[in-house]
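Single-structure report; data block below.
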Amino acid sequence: MTATLSICIPTYNRVSLLSEALDSILAQAREGLEVVICDNASSDATQELVEEYRQKFGNITYFRWAENMGFDRNILKVIELASGEYCWLFGDDDQLEAGALDHVFPLLNRGFDLIYLNAMSYDSSMRNPSGPTLNSFECGDADSTLLSLASWITFVSSICVRREEFMKHFQVGLAHVGTGFAHCYPLLKLMHGGRCRIVPETLVKFRAGNTGGYNIFKIFIEEFGKIMDYAGDIGFSRDTIFNILTRNVYIVIIPALIQIKLGKLSLKSDNAMHFLSRSGLGVKEKLLLLVLALCPARIIILMKKIKNLK
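Counting in the working numbering, the sequence shown tops out at residue 1245, every number present.
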C-alpha cells in the first residue's frame, strides 16, 4: 500500500539508539506513515529489534544487506525501498521532536520537491539543547536556498524529498557512491529545478558529535568541494558556491578541528597541506586551517583554560 510519508532510516550497529529513534516516531504514528529501515549487515540485535517494533506498528519495511555496503549505498537503498510519496531521511541516532509529524503532513500536499526540516542540536544524552541548525535563511530561489543550507545539505535527518523526483536522479547518486555524500547530488538537482521549502521550526533532535573515523579535511574540503563543483556544473552561481565554501571553514571545519584537538571528536585532521592545496579556498582560510591543523593540542587546551578564567 502506498504511503504518504516514508521515514527512511539507514542503520548499522546502533540497536539501542535505533530503539529511541523508533519510539519517537511511533509515538506520532498515523495513517499514511511508513517506516523503512535499511540495515547495513549489522552484527548486533537490529533485526530482532525491528521484529519487536513490527508488533507495535505494522507498516515497517525492513531490508538487511548480506554484507556492509557502505553509508552511501545504504542511504540510496532505503529511498529505493520506500513506497511513500515523500521520503524523510532519518539518522538512526536521531529523534523526532514532539508534534513533528503534525507539522510535516500538511506540507506534503503543497507540491514541494524538497523540504528541509530544521533540527536542534543536543548533547549525547539528548537532554541539553545547544541550538538549531539554521537561525536565518531565505528560500526565494535555488541559489538562496543552497546558500541558506550550505553544509547542512549533507545532514540526513533534515531532508524530506518527493520520492518520484529524487528517483529521476537516482543514477547520479549511484555514480557518487563512496564519497560519503552520494545523496546530496540528487538533492542539488531537486533544489535547482524544483520547488523547495525550509521549515523554521526545529522538528528533529540530533546528537552533536556522534560520529567518527573519517578525516575532516577529506570529507569537508575534498568531498564537500566536489559537491559544490557539481552545483556549479548544473547552474548554481559561482559566487554562491565560493561563499558556501568560505562559510564552511568557519561554521564546520574550525569548530571541528578545535573539538578534535580537545579530544571530543574521534575524527582525523592529517594531510592538511594535501587537501588545502586544491581546496579552492582563499589564502586567509587556507593559512588559518593549516595553522590550526598543525597547532599542538596542548596549546588549544591551554587557550581554552585561559578563556574559561576570564
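For each residue, glycine too, the CB sits at the ideal point set by N, CA and C.
Coarse secondary structure for S941, derived from DSSP in three states: strand
Do D1027 and A964 have their C-beta atoms within less than 8 Å of each other? no
Coil, strand or helix - V1013 by DSSP: Three-state result, V1013: helix.
Cβ pair L1180, G1160 closer than 8 Å: yes
Is the beta carbon of C1074 less than 8 Å from the beta carbon of S1083? yes
Anyone know if the C-beta pair for I1169 and H1127 falls short of 8 Å? yes
As an exercise, report each continuous alpha helix (DSSP H) stretch of at least 4 residues that is fully enclosed by the segment 1076 to 1113, in chain order. 1077 to 1084, 1098 to 1103, 1105 to 1109
For Y1057, which residues of its own chain have a beta-carbon under 8 Å away from its beta-carbon, when the five flanking residues on both sides are left out? N1063, P1064, S1065, K1140, F1141, R1142, A1143
Using the C-alpha atoms, what's the distance from I1236 back to P945? 36 Å
May I ask which residues mark the beginning and end of the alpha helix (DSSP H) holding L1122? 1119 to 1128
Span of the beta strand (DSSP E), counted from its first residue to its last, around N1206: Taken as a continuous stretch (DSSP letters only), N1206 belongs to no beta strand (DSSP E), as it is neither H nor E.
Report yes or no: do three or more beta-carbon pairs, one from the segment 1217 to 1224 and one from the segment 1175 to 1189, lie closer than 8 Å? yes
Rounded to whole angstroms, how far is the Cβ of C1022 from the Cβ of F1116, which I believe are closer than 8 Å? By a beta-carbon distance limit of 8 Å, C1022 does not contact F1116. Their separation comes to about 17 Å.
Measuring CB atoms only, is the segment 1226 to 1233 touching the segment 1193 to 1209, in the sense that at least three cross pairs come out at less than 8 Å? Counting Cβ pairs under 8 Å, three or more are found: they touch.
For the beta strand (DSSP E) that N1053 lies in, which residues bound it at each end? 1049 to 1057
So what's N1044 in DSSP terms, helix, strand or just coil? In this structure, N1044 counts as helix in the three-state DSSP scheme.
So for Y947, helix, strand or coil by DSSP? Coil at Y947, not helix or strand.
Please indicate yes or no: does the CB of P1231 lie closer than 7 Å to some heavy atom of the ligand MN? Among the components modelled here there is no ligand, and therefore nothing to report on the ligand MN.
Cβ distance (whole Å) where A1232 is taken to contact K1196 below 8 Å: That belief holds up - the Cβ atoms of A1232 and K1196 are roughly 4 Å apart, short of 8 Å.
In terms of residues, what are the limits of the beta strand (DSSP E) holding D974? 968 to 974
Rounding to the nearest angstrom, what Cα-Cα distance links K991 and L968 in this structure? 14 Å
Give a yes or no on contact between the segment 1043 to 1051 and the segment 1149 to 1158, applying the rule of three or more CB pairs nearer than 8 Å. Because the criterion of three Cβ pairs below 8 Å is not met, the segment 1043 to 1051 and the segment 1149 to 1158 do not touch.
Cβ-based neighbour list, I1162, same chain, cut-off 6 Å, excluding 5 preceding and 5 following: F1116, C1119
So what does DSSP say about Q963, is it helix, strand or coil? Taken through DSSP and simplified to helix, strand or coil, Q963 comes out as coil.
Test item: CB-CB of S1079 and N1183 under 8 Å: no
Hey, how far is the Cα of R1097 from the Cα of L1043? 9 Å
Reduced DSSP category for G909 - H, G, I as helix; E, B as strand; rest coil: A question about residue 909 goes unanswered here, because the residues of the chain that appear run from 936 up to 1245.
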